Amino acid sequence: MTTNSVTLFAPPMVEAQSNVFVLAGGIVTRFTLIGSRGKEWYETRFMPRLGPPAMIGLLFTIVVMFSMQGDKILAVTQSFTAASNNFELAIAVAVGTFTSPRKRRWPPSSAR
């Protein structure tokens, strides 16, 4: 039995194009409203009303992004942890191998 998989994410080029449209919409809105109503109205009336919904939209985007990409985020985090552990081990081996026995502090001289 086969199932059809549904891709929830658009290809990178489509996402980039939609981001350009959002940016362009913001620029057009800003300059149009400042030109028609004035900068003072835009900053004291329009932006305070737009701020809370924009914050909710941003938080929603972050929650959705992490919920959909959680497995990838965990995989990357685990690979960074593994790489860090390997690096620490490599440093310890290098110090132990290339340090002269007189300068080593371990084992203590009483244990030799």
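Position one of the sequence shown corresponds to residue 12 (this note's numbering), numbered consecutively onward. We treat Cβ as the ideally placed atom computed from N, Cα and C, and that holds for glycine. The model shown is predicted, which means the values in this text are computed figures rather than measured ones.
Three-state secondary structure assigned by DSSP to residue i
i: THR18; result: With a pLDDT of 49 at THR18, under the threshold of 50, the modelled position of that residue is not reliable, and the figure given next carries that caveat. The answer is coil: DSSP assigns THR18 none of H, G, I, E or B.
i: GLY46; result: helix
Beta-carbon spacing of residue i, residue j below 8 angstroms
i: PHE57; j: LEU44; result: yes
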